[in-house]
Amino acid sequence: MTALPKPRGPLSTWVTNALRAVPDEEVPRSDLEPESPDDAAVALWMLHELSYGGLDDVDDRAEWEPELIRARLRLEHDLEAQLRDRWPGPPEGADLGADFFDWVADHDGSSLARLVQTDATKEQVLDLLRVRSVYHLKEADPTTWVIPRLPVAAKAALVELQYDEYGVGDPARLHAQLFARGMEASGLRPEAGAYVDEAPLEILEQNNVLSMFGLQRRLRGAAVGHLAAFEATSSVPSRRIAQGLERLGFPEEMIGYYREHVEADAVHEQVALRDICVALVDDEPQLEADVWFGAWACLDLEDRTAHRMLDAWGVSA
Amino acid sequence: MTRPDVVLCPGGPMLLRGDHVVVDDDGVEHSTSRPVSAVCRCGKSASKPWCDGTHKLLPAKLRP
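As given, the protein sequences belong to chains D and X, one line each in that order.
One point on numbering: in this note's numbering, the residue at position 294 of the first sequence is 294, and numbering is uninterrupted.
One point on numbering: in this note's numbering, the residue at position 3 of the second sequence is 3, and numbering is uninterrupted.
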C-alpha cells in the first residue's frame, strides 16, 4: 500500500478529501480546475494509484467511484492534449520495423546516465534513485494492462517480455523487487510511492502517461510504442549507470538491478519492436501513428525529466 | 503464423528462444536464463556472449 501524497493545490486537496470520504459519504460533483501542472499531476497520480496497489486509508471502492473517474478522465484528457500538441507527428516515410532504432537514436535527449557514469555525486544519484523509484517499484505493471487488448501475435510476444520483467516466475528476480532490494541496501525506503512527495512534475507526468496509456484501450498503440522506445533507451544507459554506481561505491544489489537491465533490455528492445509493435500494426494498421506517438512521448518525457534534474543540480545539459 | 526459435535481427543480435547453451570464443559454456536471449553478433559487447546494445553505437556499416 502507498501513503497518500501531499496535495499540491486545490484540486489535489479535493481528490484527497474525496478519496477519504468513500464509501461513507457521497462524493460531490466538482468541476474544480487544477491550480498548476503540479496540482493536476499529483491528483492524477493518486487516481491512477487506485488501479495499482491502492492507497493507505482509502477504501478499494474508490477506484470505480463515478465522480473520481470523471476527474481522472478530465485530467487524462488535458495530459493527452498537451502531449499531442507538442508531438510533431509520425516521421514521414519511415518504416517502423527498419527505421525505429535509428529514429530513437536521433531523438534521444539529454542523458542522466552519462552524468551518473562519470561525474555525478553520490547525493545526486540518491536524488535520482528516489524519484525513479516512483516507477521502478511498479516496473512493467502499466504495460500488463495492455495484454488482453492486443491481437494474438502481439499478445503472445508481450506476455513473453513481461514474463521476463516479472522474474520468470521467481519473485526474487522480479525487476521491481530487484529495485526494492537495491533501494533498501542503499539506505533508501523500498515501499511503493515512498518518495512521491519529492517527485518533480516531470517524473509524475512520466508515470501518469504510462498509466494512461495502459488503462485506456484506445491508446494501446501508444502503450506499446512507449514500451519499445523505453526498452530501446535502456540497455546502454543501464550499463553507464551500473558503472557510475560502482564508481560511487553503491551496494551490489543496486548495481545488479542496472546490470540485469543491460542484457534484459537488449532482448526486450528487439521483442518490443519486432514482435509487439510491428505485429500489432500488421493486424491493426490504423494504430501505427499512435505507436510513433507513444514512442515520441517516452523520449520527450525523459528529456524533460533529465533537464529538470540537471537544472536542480546546476549541471548544464 | 510461425514463431521462430532463432532470429537474426538486422544490424543487431541473434535472438534465441528457449533454453540453450552457448559456447563463447574461449570455449566457455553459458546457459540461457531468460525466455528469449540475445547473442552478440557485432563482437563489441562487454557482456559476451550476450548482446548489451553496443551495436547501436557503431556506424551502420560495422553493424551485423
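Quick reminder that beta carbons are idealized off the backbone N, C-alpha and C, glycines included.
From a predicted model like this one, the values you see are computed outputs, not experimental measurements.
Using the beta-carbon count (16 or more within 10 Å), is residue i buried or exposed?
i	result
D/Arg8	buried
X/Pro13	buried
D/Thr121	exposed
D/Val342	As displayed, chain D neither begins before 1 nor continues past 317, which places residue 342 of chain D out of reach and without an answer.
D/Ser316	exposed
D/Gly249	exposed
D/Trp64	exposed
D/Glu160	buried
D/Arg84	exposed
X/Lys56	buried
D/Gln124	buried
D/Asp311	exposed
D/Ala98	exposed
Within 9 Å (strictly less), CB to CB, does residue i reach chain X?
i	result
D/Ala94	no
D/Ser110	no
D/Phe101	yes
D/Ser133	no
D/Glu35	no
D/Arg239	yes
D/Asp59	no
D/Val262	yes
D/Val278	no
Could one say the Cβ of residue i lies closer than 9 Å to chain D's Cβ atoms, at least one of them?
i	result
X/Arg34	yes
X/Cys9	yes
X/Asp24	no
X/Leu15	yes
X/Gly27	no
X/Cys51	yes
X/Ser31	no
X/Leu73	Absent from the model: residue 73 of chain X. The displayed extent of chain X is 1 to 64, so no value can be given.
X/Gly12	yes
X/Arg41	no
Consult DSSP for residue i and reduce its assignment to one of helix, strand or coil.
i	result
D/Trp145	coil
X/Leu8	strand
D/Thr16	helix
X/His20	coil
D/Ala153	helix
D/Glu49	helix
D/Leu174	coil
D/Ser234	coil
D/Glu260	helix
D/Ala223	helix
X/Glu29	strand
D/Val131	helix
D/Met1	coil
D/Trp103	helix
D/Val22	coil
D/Leu55	strand
X/Ser47	coil
X/Ser37	strand
D/Leu248	coil
X/Leu15	strand
D/Trp292	helix
D/Gly193	coil
X/Lys61	helix
D/Glu283	In the sequence under discussion, the amino acid at residue 283 of chain D is Asp, which differs from the Glu named in the question. In the structure shown, D/Asp283 sits in a helix (DSSP, three-state: H, G or I).
D/Thr121	coil
D/Trp313	helix
X/Thr2	coil
D/Tyr166	coil
Once you ignore the five residues that flank residue i on each side, which residues in its own chain have a CB closer than 8 Å to its CB?
i	result
D/Glu21	Looking at the sequence shown, residue 21 of chain D is not Glu but Ala. Closer than 8 Å at Cβ, skipping near neighbours: Val27.
D/His175	His136, Glu139, Ala140, Glu165, Tyr166, Gly167, Tyr257, Glu260, His261, Ala264
X/Asp52	Cys40, Ser45, Ala46
X/Lys48	Asp24, Asp25, Cys40
D/Gln162	Ala140, Thr143, Thr144, Ile147
For residue i, which residues from the same chain have a beta carbon less than 6 Å from its beta carbon, with the 5 sequence-adjacent residues on both sides left out?
i	result
D/Gly193	Thr2
D/Arg149	Arg217, Arg220
X/Val21	Glu29, Ser31
D/Phe100	Leu273
D/Glu253	Arg181, Gly182, Ala185
D/Ala172	none
Only counting the same chain, and skipping five residues up and downstream in sequence, which positions put a Cβ closer than 7 Å to that of residue i?
i	result
D/Leu96	Cys277, Val278, Val281, Glu288, Val291
D/Trp145	Gly214, Leu215
D/Arg240	Ala113, Arg114, Val116, Gln117
X/Trp50	Ser37, Ala38, Val39, Cys40
D/Pro34	Gly9, Leu11, Ala40, Ala43
D/Arg86	Asp300
In chain B, what lies closer than 9 Å to residue i by C-beta?
i	result
D/Gln270	This model lacks chain B altogether, as its protein chains are D and X.
Point to revise | Any 3 or more C-beta pairs closer than 8 Å across the segment 263 to 281 of chain D and the segment 33 to 41 of chain X | key: yes
Check your understanding: Taking three-plus beta-carbon pairs below 8 Å as touching, is the segment 39 to 56 of chain D in contact with the segment 196 to 206 of chain D?
Key -> yes
**Study point:** Segment contact, 8 Å Cβ cut-off, at least three pairs: the segment 174 to 188 of chain D with the segment 253 to 269 of chain D
**Key:** The segment 174 to 188 of chain D vs the segment 253 to 269 of chain D: in contact.
Check your understanding: So, do the segment 146 to 163 of chain D and the segment 57 to 73 of chain D have three or more beta carbon pairs nearer to each other than 8 Å?
Key -> Contact check between the segment 146 to 163 of chain D and the segment 57 to 73 of chain D: fewer than three CB pairs, one atom from each, fall below 8 Å, which does not count as touching.
Review point. Does the count of Cβ pairs from the segment 99 to 109 of chain D and the segment 291 to 306 of chain D closer than 8 Å reach three?
Key: yes
Practice item. Say whether the segment 230 to 237 of chain D touches the segment 2 to 10 of chain X, bearing in mind that this needs 3 or more beta-carbon pairs closer than 8 Å, one atom from each stretch. Key: no
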